Amino acid sequence: MREVRSIATIASHSALQILRGAKSEGFKTIVLCPRDRVSLYSRFLNFIDDIVLIDGMGDVCSDEAIRRLNEEGAVIVPHGSFVEYIGVEGLERLDVPIFGNRRLMIWEADQFLKMRMLERSGVKVPRVFRSPEEVDRLVIVKMHGAKGGRGYFLARSPEEVISKCKSLGISPDECIIQEFVIGTPMYFQYFNSVVMKRLELLGCDIRYESDVDGLRRVPVPYADSLSEPTFTVVGNIPLVVRESLLVKVFEYGEGFVRAAEELVPPGVIGPFCLEGVCRSDLEIVIFEFSGRIVAGTNLYINGSPYSWLYFDEPMSMGRRIAREIRMAEEHGMLDKVLT
Amino acid sequence: MREVRSIATIASHSALQILRGAKSEGFKTIVLCPRDRVSLYSRFLNFIDDIVLIDGMGDVCSDEAIRRLNEEGAVIVPHGSFVEYIGVEGLERLDVPIFGNRRLMIWEADQFLKMRMLERSGVKVPRVFRSPEEVDRLVIVKMHGAKGGRGYFLARSPEEVISKCKSLGISPDECIIQEFVIGTPMYFQYFNSVVMKRLELLGCDIRYESDVDGLRRVPVPYADSLSEPTFTVVGNIPLVVRESLLVKVFEYGEGFVRAAEELVPPGVIGPFCLEGVCRSDLEIVIFEFSGRIVAGTNLYINGSPYSWLYFDEPMSMGRRIAREIRMAEEHGMLDKVLT
Amino acid sequence: MREVRSIATIASHSALQILRGAKSEGFKTIVLCPRDRVSLYSRFLNFIDDIVLIDGMGDVCSDEAIRRLNEEGAVIVPHGSFVEYIGVEGLERLDVPIFGNRRLMIWEADQFLKMRMLERSGVKVPRVFRSPEEVDRLVIVKMHGAKGGRGYFLARSPEEVISKCKSLGISPDECIIQEFVIGTPMYFQYFNSVVMKRLELLGCDIRYESDVDGLRRVPVPYADSLSEPTFTVVGNIPLVVRESLLVKVFEYGEGFVRAAEELVPPGVIGPFCLEGVCRSDLEIVIFEFSGRIVAGTNLYINGSPYSWLYFDEPMSMGRRIAREIRMAEEHGMLDKVLT
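Written out as structure tokens, the structure reads:
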């Protein structure tokens with residue numbers, strides 16, 4: 025590809041930010057939109073040039089959609105709902121250039137590969153229990169393929185893991201059983217610039233999860249009889265972290281960049297996120313990663329406390345992506361940022 | 025009214041934002057200010073042109089105050105402390121143009137009319153129990169006319185509702201008894217533009233309530249002996265919500281606009297807020313509304329993650345109001361936005 | 025000193041903000057940086073002109089470092105890690121001009137002087153218990169010299185205070201035993217401008233503390249068996265407060281400015297912070313203060329909801345400091361802001 029004329033994404037997750045940012049950088053913008061979301065995205069025709077209707081999940085990869093995108097000289101910016109929409113296989117054979125490393129998204133979709141990547145990154149990770157029998161402390165159990173915190177549950181004994189799996193109709197083998205680390209959740213939004221050869225920290229946030237973050241408002245005497253907490257991500261809250269922690273935050277980010285280079289060459293292109301907790305001894309423990317833009321960046325559509333350290337203009341993650349594409353084009357490096 | 029020269033409001037709630045925004049749009053600004061708040065508002069003479077002293081609550085409607093406001097070609101922008109100051113009757117006979125539909129504020133002041141409006145809007149609402157005897161789950165009990173979360177309490181049995189009412193010296197008939205929905209609180213800040221004929225989402229926030237949000241920091245072993253939680257709103261925290269929820273958020277907003285048009289014509293003019301929780305199944309349940317600017321918009325004096333999707337300049341709700349007045353004037357539509 | 029050419033600070037806490045702000049105001053910027061943090065600060069050479077290596081804590085006051093700073097016409101902006109690095113004695117004899125009143129930082133470092141200052145300010149403070157025997161409610165016990173919330177613990181009986189002190193190997197005499205006030209935490213970021221003779225409120229925040237703010241996510245049935253909460257500050261979350269509270273917030277700030285003038289003349293120069301909780305009766309109780317920039321201001325590197333009420337440009341606390349130095353220089357008042 026020599027020239028990028030349009031930036032496209034699927035109507036979900038962080039599409040508004042991505043398209044708004046692409047517009048600021050002078051691209052034509054296209055949203056691939058299921059019929060029932062047109063009512064939302066058509067409100068923003070000030071920065072969305074084209075709404076391409078799709079019938080649903082599978083349809084993104086239809087010949088017609090692909091033809092349209094290629095005709096428009098489009099690059100797709102994938103986000104957290106992307107793999108969900110087109111599937112791992114769809115992603116592999118999608119015949120449109122994607123910003124970022126599509127293989128990294130495949131690793132992200134698998135809880136076991138995910139943990140392997142984190143371990144290789146040299147970041148501190150929670151203990152993983154290979155079987156329910158080993159469980160000797162509070163754990164969080166995540167079904168393989170669970171998304172956005174849905175389908176996670178807590179337990180603290182082998183019996184509890186087994187009985188909860190049973191009542192969900194799943195086998196413990198389909199789950200990853202992770203130590204539940206006590207500390208404050210923190211999500212670090214990075215951008216690995218291949219063109220500028222630098223790792224940027226563009227923001228931090230806290231996920232807002234239903235109903236665990238609502239249960240906290242229920243007084244203790246009433247709380248015990250309520251249902252199990254769930255961890256569905258429903259929003260994000262802004263955060264800055266203690267400045268001295270940033271040394272570690274960048275070390276972690278660079279460890280991840282190195283690990284991805286080794287395990288899924290050419291490595292990370294653009295946005296990724298490390299998701300962890302900070303313990304009271306100031307150790308940061310990372311329990312997940314995202315190999316693409318995260319929804320927490322939606323907070324910073326006019327820049328974040330961190331982005332303003334790098335840029336003298338409002339720089340959302342969405343805009344940063346578009347900027348990188350523009351720079352790659354100018355430097356003849358498009359093949360380095362598209363896969 | 026042909027021309028608006030000044031924008032006025034009462035010294036409380038979101039007055040700083042309203043007046044700062046009015047100034048940015050080129051209006052003269054007036055604050056109606058009780059003596060004991062002059063110390064605060066006189067710090068901001070960079071955007072407050074005139075401090076009109078009032079003796080207290082009732083005095084806003086004095087002949088003198090009204091004469092002054094009309095002399096200045098003023099429009100009053102009402103906010104959450106407004107009805108509290110001048111009362112429902114005061115509001116009805118106040119002889120100064122108001123931005124917004126004053127009848128809507130009257131509905132807002134009544135817990136039963138409020139729920140009727142929400143039901144008509146077609147939004148999901150919590151179950152309301154007609155009498156304490158029906159209570160079979162955790163409920164929140166709100167005294168009629170309670171403001172800003174003060175005077176709310178929790179209970180989970182008929183006996184508990186009755187005994188807590190008794191100890192507060194009120195009758196259950198004076199209260200609305202609402203199911204306490206478990207989920208994450210979310211407040212949606214809308215602007216219904218009559219001039220542009222569009223519904224904008226200008227921000228989201230979480231209320232910060234004392235002492236319920238403080239009690240959460242008390243470890244469980246100490247928490248049981250502490251007093252009942254209270255729900256007094258003392259601040260606001262920024263939030264963005266999961267993008268796919270926005271489809272529903274706009275549907276809800278439009279449902280409300282329609283309901284208000286039917287029940288209190290001409291309907292909503294300008295800012296309003298739907299106040300709810302998001303359950304873990306991603307359903308949003310709305311338990312209250314505000315028919316005017318809410319204090320959560322004070323977070324976004326330089327624009328919000330949402331306002332930046334619409335505007336290329338910092339657009340607070342206060343400024344948006346002033347902008348709407350200006351546009352209405354230009355289009356000869358002042359009679360559509362003032363009541 | 026006639027002219028300030030550079031602004032310097034130590035590589036921690038709010039250094040990025042301070043130096044970014046200094047750069048915006050046209051100063052040369054210098055960071056005093058231990059070897060193991062160069063990796064962080066060298067990422068921001070866009071606004072850091074000079075990295076002066078220091079060997080560690082004591083080395084800031086070395087003859088060599090001082091010579092360099094004076095050669096560069098530098099003013100040091102102290103922050104929360106500053107006293108920690110150079111110690112109270114180091115601070116007193118440091119032969120480089122400091123922005124702010126260095127004696128105030130000495131009072132801040134002592135829990136008892138700290139409470140004396142707050143009492144003189146006329147702000148509402150929590151009850152302090154002179155000995156463990158007096159404890160009759162939930163208290164927070166703070167070791168003398170404890171920093172950033174580390175080493176605090178809760179207790180609610182004389183026996184509990186004594187036994188927890190014993191297990192930490194300290195004497196209750198080395199601690200301050202404070203009533204734990206139930207309410208919502210709030211941190212008020214002030215700037216006392218000596219040049220403009222005005223007190224500004226530039227932001228509010230909530231501290232994010234590990235692991236107390238993480239424990240809240242643990243469901244009640246699991247929470248009882250977990251370890252004691254700790255209060256290590258690991259980040260900050262943005263907040264705006266109920267507008268009517270601002271009357272009191274400014275009264276408190278001015279009370280503090282007066283008290284500091286009396287107890288540690290010439291008083292507060294520039295940034296300080298009052299740290300409290302808002303009870304449900306809307307009383308604000310202050311339990312600590314900081315006599316210099318706080319890390320919560322890192323949230324507002326592009327301005328805060330409050331700073332935008334004063335300034336038409338992005339004004340972080342770091343930039344405000346640099347602006348004050350610039351204005352002091354222009355008015356021949358440098359001796360009023362440097363000590």
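Residue numbers (our numbering), protein chains in the order written: chain Y, 25 to 363; chain E, 25 to 363; chain F, 25 to 363. Just so you know, even glycine gets a beta-carbon here, dropped at the ideal spot from N, CA and C. In this text, all values refer to a predicted model and were calculated from it rather than measured experimentally.
Can you say whether residue i is buried or exposed, counting buried as having 16 or more other CB atoms within 10 angstroms of its CB?
i, result
"Val265 of chain Y", "buried"
"Val112 of chain E", "exposed"
"Pro377 of chain E", "Any question about residue 377 of chain E goes unanswered here, given that chain E covers just 25 to 363."
"Gly190 of chain F", "Checking the displayed sequence, the identity of residue 190 of chain F turns out to be Lys instead of Gly. With fewer than 16 other Cβ atoms within 10 Å, it is exposed."
"Asp359 of chain F", "exposed"
"Asp237 of chain E", "buried"
"Met341 of chain Y", "buried"
"Asp119 of chain F", "exposed"
"Glu95 of chain F", "exposed"
In terms of alpha-carbon separation, which member of the options lies closest to residue i?
i, options, result
"Leu269 of chain Y", "Y:Cys302, Y:Glu354, Y:Glu27", "Y:Cys302"
"Asn70 of chain E", "E:Val76, E:Cys228, E:Ser48", "E:Ser48"
"Lys148 of chain Y", "Y:Phe280, Y:Ile317, Y:Ala39, Y:Val112", "Y:Phe280"
"Phe106 of chain E", "E:Leu93, E:Val318, E:Leu239, E:Val205", "E:Val318"
"Leu323 of chain Y", "Y:Gly82, Y:Val28, Y:Pro338", "Y:Pro338"
"Ser328 of chain F", "F:Glu132, F:Ile206, F:Leu225, F:Pro295", "F:Leu225"
"Cys57 of chain Y", "Y:Leu40, Y:Phe68, Y:Ile34, Y:Gly45", "Y:Ile34"
"Glu286 of chain Y", "Y:Thr254, Y:Leu128, Y:Pro182, Y:Gly82", "Y:Leu128"
"Gly207 of chain F", "E:Thr254, E:Gly97, E:Ile206, E:Phe212", "E:Thr254"
"Gly173 of chain Y", "E:Arg61, E:Val236, E:Leu306, E:Met351", "E:Leu306"
"Leu298 of chain F", "F:Glu252, F:Met139, F:Asp235, F:Asp83", "F:Met139"
"Val218 of chain F", "F:Pro182, F:Ile349, F:Arg29", "F:Ile349"
"Tyr330 of chain F", "E:Ile325, E:Gly80, E:Leu93", "E:Ile325"
"Pro121 of chain F", "F:Glu27, F:Arg67, F:Leu40", "F:Glu27"
DSSP puts residue i in a beta bridge; with which residues?
i, result
"Ala283 of chain F", "Answer is none; Ala283 of chain F lacks a bridge partner."
"Arg231 of chain E", "E:Asn260"
"Gln213 of chain F", "F:Gly227, F:Cys297"
"Ile42 of chain E", "Paired residues: none, contrary to the question."
"Ser308 of chain Y", "It is Ile, not Ser, that sits at residue 308 of chain Y in the sequence shown. Looking at the DSSP assignment, Ile308 of chain Y forms a beta bridge with Y:Cys302."
"Arg222 of chain Y", "Y:Ser217"
"Val265 of chain E", "Y:Gly259"
"Tyr176 of chain Y", "Y:Lys166"
"Leu5 of chain Y", "Since the first residue of chain Y shown is 25 and the last is 363, residue 5 of chain Y is not available in this structure."
"Ala346 of chain F", "In DSSP, Ala346 of chain F forms no bridge with anything."
Residue i and residue j: beta carbons closer than 8 Å?
i, j, result
"Ile345 of chain F", "Phe123 of chain F", "yes"
"Leu142 of chain F", "Phe313 of chain F", "yes"
"Phe51 of chain E", "Ile31 of chain E", "yes"
"His168 of chain E", "Gly104 of chain E", "no"
"Ile308 of chain E", "Gly315 of chain E", "no"
"Val101 of chain E", "Ile75 of chain E", "no"
"Leu239 of chain Y", "Pro243 of chain F", "yes"
"Ile201 of chain F", "Val159 of chain F", "yes"
"Leu178 of chain F", "Leu162 of chain F", "yes"
"Arg126 of chain F", "Thr321 of chain F", "no"
"Leu43 of chain Y", "Thr53 of chain Y", "yes"
"Ile261 of chain Y", "Pro262 of chain E", "yes"
"Cys199 of chain Y", "Lys221 of chain Y", "no"
"Gly45 of chain F", "Arg241 of chain F", "no"
"Gly294 of chain E", "Ala284 of chain E", "no"
"Val205 of chain Y", "Glu233 of chain Y", "no"
"Tyr214 of chain E", "Asp229 of chain E", "no"
"Arg231 of chain Y", "Pro209 of chain Y", "yes"
"Ile186 of chain E", "Pro156 of chain E", "yes"
Self-check item: Ranges of the beta strand (DSSP E) found wholly within the segment 88–172 of chain F, counting only runs of at least 3
Solution: Within the segment 88–172 of chain F, the beta strand (DSSP E) runs of at least 3 residues that lie entirely inside it are, in chain order, 98–100, 163–167.
Quiz prompt | Near-chain C residues of the segment 305–338 of chain F (beta-carbon distance less than 9 Å), N- to C-terminal order | solution = Here the protein chains are Y, E and F, and chain C is not one of them.
Quiz item: Curious, which full-length beta strand (DSSP E) runs of at least 3 residues does the segment 31–86 of chain E contain?
Solution: Positions of the beta strand (DSSP E) runs, each at least 3 residues long and wholly inside the segment 31–86 of chain E, are given as 52–58, 74–78 in order along the chain.
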